[in-house]
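Here the sequence shown stands for residues -28 to -1, 1 to 464, where the numbers follow mature numbering (1 follows the signal peptide of the UniProt record, and there is no 0).
So the structure is just underneath, and the comments pick up after that.
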Amino acid sequence: MARDYAARCPVYPMRNAWLVAVAVLLAAQEIGAPKVQVAEELEAYPTESVELSCQFNDGGGLTKLTQVSWIWEPSDGHRDNIAVYHPVYGQSFPNVAFKDRVVFLHNSLENPSIRISNLRMSDAGRYTCEYATYPTGNEQGTTTLIMLSKPKNSANGVTVQAGTKSVVVARCEAADAKPAATIEWLAPVGGNHSTSTTSGPDGTVTVRSEYRLVPTPADNGREVICRVNQKTQKQPWVYPIKLSVEYLPSVSIEGYDHNWYVGRSDATLVCLANANPEPTTITWTAASGPLPETVVVEGNKLTVRKVDDAVNTTFICEVKNRLGSSRNQITTVVIEEERQLIQGPSTGAVIGAILGALIFICIVIIGTIFFIRNRQEDAEGPPKHKPPPPVKAGSSTEMLNKPSEPPTATETAPLSPGEVYYEPTGREPVTNLDDETTGALNGRAPPVKYDKECKDHAADGHHSNDLDSSNHEVPAANISRGESFVSPAMYV
């Protein structure tokens, strides 16, 4: 019977080996895998809440859980229980700092997750979920809680006086941030900056930066930008700052046109001042003493009602502000007669004339270039007239005239070598240059002669233009076979 079972169910050694290997791997995974499963790292903000999860993974169900505790380890390494759960004795929260802020989410040893509310920056640290078990002893898992803090950003300008030393003109601060913020300056005024950091007791960092330069009156009102970058910000914080530079008044006098003639009325001088802070007083005086009786002062404006020798003096304008005073002066010269001022051309007219001249010069240059190019093309291109046909060497320049009557039937018969046929349309005579007997060409054979009928026709006087009686033979021509008296086509 055992033999029959063995025959029906044979043992496969390879299958058994695979089963053993799988069992070993599963056991190794259970041994290597942590039994307490927690989150490795969490981030949170002050005043918010965070959940710390914890679960016990007992694959074989052989471990007996007796109690679970949450232990808080701040950065200084101190360990303190903040929450304890026992299936018989219930829940306990021994740490006063976490009392009323920590609760268990599930009343269970297998899932003793907790929630911490109203978080503080000082809550950052390591939170360990620790089990008391039998027979393996304590099992634990740790979560690191990172507290983040958004920076409290601020920036302001510093009012300074123009001078020759580098001073602080703007400040920027990112306070109580975690992690620490970075501050950058975007400024076209050519200064420099310095940065300092201060750590708080709760782990936050305050960063301060100062922008410095040598202030001048031209820097007043210019803009510098503070930019703060930090992990908790979705985008950089940017704040523009207008510089405030104080300086003494800068005084100028306008209105004098060098044409103060005797008898002129309402000649005016204006005192202009640029200052920070604003001017408080403007005073007009004369170098020669008190102001003439014909002079009237209204604020920064001095008006001479009627020009005479009394205003042939130097006028002084003094401007004061909180920092001090500055002055400027101008000497007026009284002339006997009015000076005729020649009105010069306006700026617009001068600009228009210059542009017109430039356009004209460009047109002339372009026209000259086109003219020169056309002349060059005419010189290099083919001739535009048809030259006379070439004259063959040894040929006669005399052409036979057209007969006055159309040819007879005998004349339209095939030509014999040496015969000449006259076209009735006025074309030039066609000569048969072939010599059937010798194959020679004109120029090498004897002269070509008229046939008998042509001679008779000419002798009877039917030709409108009689040939010369002394010459009744066609002169020899040095023309090869296939050549013609007509010159080849020429393209113009």
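Every residue, glycine too, gets a C-beta built ideally from N, C-alpha and C.
None of these values were measured; they are calculated from a predicted model.
{"Query": "What's the C-alpha gap between residue 153 and residue 299?", "Result": "50 Å"}
{"Query": "In the DSSP assignment, what residue or residues form a beta bridge with residue 141?", "Result": "Partner(s): none; residue 141 has no beta bridge."}
{"Query": "Below 8 Å, how does it come out for the stretch 30 to 50 and the stretch 105 to 115: are there three or more Cβ pairs, yes or no?", "Result": "yes"}
{"Query": "Assuming the contact rule is C-beta atoms closer than 8 Å, residue 196 and residue 220 should be a hit. Round their C-beta distance to whole Å, please.", "Result": "Actually they do not touch by this definition, with Cβ atoms about 24 Å apart."}
{"Query": "Between the stretch 239 to 256 and the stretch 318 to 329, do three or more beta carbon pairs fall short of 8 Å?", "Result": "no"}
{"Query": "Within its chain, find whatever has a CB closer than 7 Å to the CB of residue 473; leave out the 5 residues flanking it on each side and keep chain order.", "Result": "No statement about residue 473 is possible, as the shown extent of the chain runs from -28 to 464 and does not include it."}
{"Query": "With DSSP collapsed to three states, give me the class of residue 345.", "Result": "helix"}
{"Query": "Helix, strand or coil for residue 70, going by three-state DSSP, please let me know.", "Result": "helix"}
{"Query": "Let's test the definition: count the other Cβ atoms within 10 Å of the Cβ of residue 470 and tell me whether it reaches 16, buried, or not, exposed.", "Result": "Nothing can be reported for residue 470, as the shown portion of the chain is limited to -28 through 464."}
{"Query": "My parser needs the beta strand (DSSP E) runs of 3 or more residues fully inside the stretch 19 to 50; what are they?", "Result": "22 to 24, 26 to 28 and 36 to 45"}
{"Query": "What residues in its chain sit with their C-beta under 6 Å from that of residue 188, if we drop five residues either side in the sequence?", "Result": "134"}
{"Query": "Assuming the contact rule is C-beta atoms closer than 8 Å, residue 225 and residue 302 should be a hit. Round their C-beta distance to whole Å, please.", "Result": "5 Å"}
{"Query": "Quick check on this structure: which residue in 286, 75 and 100 has the alpha carbon closest to the alpha carbon of residue 12?", "Result": "100"}
{"Query": "Could you pull out every residue in the same chain whose Cβ sits closer than 6 Å to the Cβ of residue 236, ignoring the five residues on either side in sequence?", "Result": "279"}
{"Query": "Just curious, the beta strand (DSSP E) that residue 212 is in, first and last residue?", "Result": "209 to 214"}
{"Query": "Rounded to whole angstroms, what's the CA-CA distance from residue 139 to residue 180? Just pull it up for me.", "Result": "16 Å"}
{"Query": "May I ask you to report which of helix, strand or coil DSSP gives residue 14?", "Result": "strand"}
{"Query": "Kindly give me the distance between the Cβ atoms of residue 173 and residue 146, rounded to whole angstroms, as I take these residues to be in contact under 8 Å.", "Result": "18 Å between Cβ atoms; not a contact."}
{"Query": "Helix or strand or just coil, what does DSSP make of residue 332?", "Result": "helix"}
{"Query": "For the beta strand (DSSP E) containing residue 165, list its first residue and its last residue.", "Result": "164 to 171"}
{"Query": "In the DSSP assignment, find the unbroken beta strand (DSSP E) run with residue 102 in it and report its ends.", "Result": "97 to 106"}
{"Query": "Helix, strand or coil for residue 327, going by three-state DSSP, please let me know.", "Result": "helix"}
{"Query": "Terminal residues of the continuous beta strand (DSSP E) containing residue 112?", "Result": "109 to 119"}
{"Query": "Which residues does DSSP list as the beta-bridge partners of residue 62?", "Result": "58"}
{"Query": "Below 8 Å between beta carbons: does that hold for residue 191 and residue 223?", "Result": "no"}
{"Query": "Taking 8 Å as the limit between beta carbons, can you name the residues of its chain near residue 14, skipping five residues before and five after?", "Result": "22, 24, 115, 116, 117 and 118"}
{"Query": "Could you name the residues of the same chain whose beta carbon sits closer than 8 Å to that of residue 87, not counting the 5 residues immediately before and after it, in chain order?", "Result": "21, 22, 23, 24, 74, 75 and 77"}
{"Query": "What are the start and end residues of the beta strand (DSSP E) that includes residue 195?", "Result": "195 to 201"}
{"Query": "Measure the C-alpha to C-alpha separation of residue 90 and residue 155 and round it to an integer number of angstroms.", "Result": "30 Å"}
{"Query": "Please report the distance separating the alpha-carbon of residue 330 from that of residue 340.", "Result": "15 Å"}
{"Query": "Pop quiz: residue 284 and residue 306 are said to be a contact at Cβ under 8 Å. What is the actual Cβ separation, rounded to whole angstroms?", "Result": "4 Å"}
{"Query": "Can you tell me whether residue 189 is helix, strand or coil according to DSSP?", "Result": "helix"}
{"Query": "Can you tell me whether residue 126 is helix, strand or coil according to DSSP?", "Result": "strand"}
{"Query": "How many Å lie between residue 248 and residue 129 at the Cα?", "Result": "15 Å"}
{"Query": "Can you tell which of 95, 18, 335 and 265 has its C-alpha closest to the C-alpha of residue 47?", "Result": "95"}
{"Query": "Evaluate residue 176 with the Cβ neighbour count: other Cβ atoms within 10 Å of its Cβ, from every protein chain shown; 16 or more gives buried, anything less gives exposed.", "Result": "buried"}
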